[in-house]
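Step one of this worksheet: look at the structure below.
Protein chains in written order, with the numbering used here: chain A, 13 to 440; chain B, 13 to 139.
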């Protein structure tokens with residue numbers, strides 16, 4: 013395969029640990045949590061969604077998109093969003109627009125520059141269960157006679173693609189990815205391939221999730237949510253006291269470009285995407301394979317694709333969501349791949365919560381920050397490591413040292429595993 | 013000549029707060045006109061306040077509002093950029109607000125802002 017080199021030139025964040033690159037970087041360096049009691053952030057005005065199985069969630073300060081009436085939504089004033097542009101959006105579409113604005117600004121691109129066939133758009137989002145619930149309820153109440161014109165547009169899993177594609181004037185490739193919590197990582201990996209294969213000069217990757225009772229609380233039926241009430245104890249990846257994941261929403265946007273194209277227009281590369289791999293457990297619809305066999309394969313394929321070895325990796329951003337089985341399986345997979353080459357590992361979900369489809373690209377963006385700014389995020393909220401995870405190198409504090417190559421893991425239901433390898437722009 | 017009928021029963025049964033909530037995002041003068049209509053059933057004062065605001069609410073993203081305001085002679089599609097989806101959305105909103113059934117085929121032929129006023133007046137007066 014004749015590879016074109018892929019650089020990341022822009023990042024945008026609407027996350028529980030910040031709505032700007034600077035805020036996110038500060039949170040990762042200082043290990044500031046974005047988690048708060050659920051009642052304060054995700055119950056709607058009628059009290060729906062307060063309580064339930066989730067006691068803590070990753071807050072999105074300054075955004076209020078909890079109403080089913082988009083005219084009632086609000087967002088921080090630094091984001092220039094036309095109220096007429098949100099009428100048919102899912103709630104997370106507002107987060108996505110804010111993230112895209114930041115990413116384009118950092119990449120020094122205007123919307124007008126996206127409207128040629130060389131720029132594509134890959135997204136990941138589960139759609140909006142809240143809007144689907146609302147519109148289906150209204151439709152059923154009308155005897156299935158009156159369907160709102162935006163019932164589909166604001167709800168379905170492809171909503172991000174068709175809204176952003178239209179609003180940004182995208183003429184290149186456009187596709188959505190649905191592989192549970194690996195969705196964002198699939199979007200990023202395939203977006204990278206579009207550039208590597210010379211099919212697109214530039215790709216915008218956007219992942220977003222709403223934070224609502226409808227999107228989150230069904231996970232309680234599987235026992236997947238943490239019941240802890242103290243934010244600092246709720247999301248504890250690799251800790252022996254972990255009891256499930258803490259939900260969050262938000263959006264992340266990344267601008268990927270061919271290195272030659274970025275250089276031609278004078279854009280600064282923040283980091284390079286040098287390889288990725290994916291593999292499935294073939295084991296269970298929800299549980300990971302106990303040995304993480306699919307994840308082992310995904311990591312090894314990513315390392316091979318990047319033309320590198322475990323010894324060259326300076327940091328791993330783990331998928332670890334703070335569930336008992338998932339973290340243990342990932343620890344086993346990491347020890348299998350990196351056993352002879354101890355590498356600092358952390359799961360930033362301790363700070364952010366778990367963003368589902370959003371997670372993979374969010375954590376990839378954290379990896380890009382780590383490479384561009386020279387730090388390794390520490391493992392927050394770790395009190396006593398699980399006996400099976402204790403062999404991992406889990407730094408309790410963020411280290412201010414420059415990694416040259418990092419690996420990012422993502423895992424979704426069905427044992428769908430993705431790993432990316434990123435490098436600094438100067439690493440050979 | 014002022015025209016006064018009883019407002020549609022389902023609409024009259026709504027509380028002012030419920031109406032205000034349904035009209036979040038609309039100008040205060042428009043909301044006041046709708047609340048007055050609930051009390052007096054007079055469409056002549058309602059329509060010039062409601063219809064331009066309703067159309068402005070449903071303009072496409074990035075659309076520039078006419079410098080002279082949304083006047084009756086403006087064409088919904090050619091001058092204001094309202095497409096069939098926006099027109100459907102507006103019909104749904106009016107249907108929801110006033111509780112008067114509006115079929116999509118009824119609004120498909122509406123051309124101008126003034127046509128919307130005439131259509132809505134007829135529908136409300138007949139309710």
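All residues carry an ideal CB built from backbone N, CA and C; glycine is no exception.
query                                                                                                                      : result
Three or more C-beta pairs below 8 angstroms linking the region 208 to 220 of chain A and the region 387 to 405 of chain A : no
Residue from 372(A), 259(A), 250(A) and 227(A) whose Cα sits closest to the Cα of residue 241(A)                           : 259(A)
Contact under 9 angstroms by Cβ, residue 24(A) with residue 364(A)                                                         : no
Whole-angstrom distance between residue 103(A) and residue 334(A), CA atom to CA atom                                      : 26 angstroms
Simplified DSSP assignment, three categories, for residue 379(A)                                                           : helix
Three-way DSSP call (helix, strand, coil) for residue 214(A) in this model                                                 : strand
Burial state of residue 134(B), where buried means 16 or more other Cβ atoms lie within 10 Å                               : exposed
Own chain, CB closer than 8 angstroms to residue 19(B), minus 5 neighbours either side, in chain order                     : 49, 50, 53, 110, 136 and 139
9 angstroms Cβ cut-off: residues of chain A touching residue 36(B)                                                         : 79, 81, 83 and 84
Short CB-CB distance (under 9 angstroms) between residue 173(A) and chain B                                                : no
Boundaries (first-last residue) of the alpha helix (DSSP H) holding residue 207(A)                                         : 195 to 208
Chain B residues whose Cβ lies nearer than 7 angstroms to that of residue 179(A)                                           : 73
Inter-residue CB distance, residue 288(A) and residue 433(A) (contact presumed, cutoff 8 angstroms)                        : 7 angstroms
Ordered list of beta strand (DSSP E) runs contained in the region 228 to 274 of chain A, each at least 3 residues          : 262 to 270
Buried versus exposed call for residue 26(B) [16 or more other C-beta atoms within 10 Å across all chains shown]           : buried
Best match in 415(A), 50(A), 391(A) and 126(A) for proximity to residue 186(A) [C-alpha to C-alpha]                        : 126(A)
Minimum Cβ-Cβ distance from residue 160(A) to chain B less than 9 angstroms                                                : yes
Three-state class that DSSP yields for residue 297(A) in the structure shown                                               : coil
For residue 100(B), three-class secondary structure by DSSP                                                                : helix
Residue 156(A) in three-state terms, based on DSSP                                                                         : coil
Buried or exposed by the 16-neighbour rule on C-beta atoms within 10 Å, applied to residue 40(B)                           : exposed
Proximity test, Cβ basis, 9 angstroms: residue 59(A) and chain B                                                           : Confidence at residue 59(A) is low in this model, with a pLDDT of 44, below 50, so its placement is unreliable and the value that follows should be read with caution. Not an interface residue.
Integer-rounded CB distance, given that residue 404(A) should sit under 8 angstroms from residue 347(A)                    : 7 angstroms
Buried versus exposed call for residue 50(A) [16 or more other C-beta atoms within 10 Å across all chains shown]           : buried
Limits of the unbroken beta strand (DSSP E) element including residue 131(A)                                               : 131 to 136
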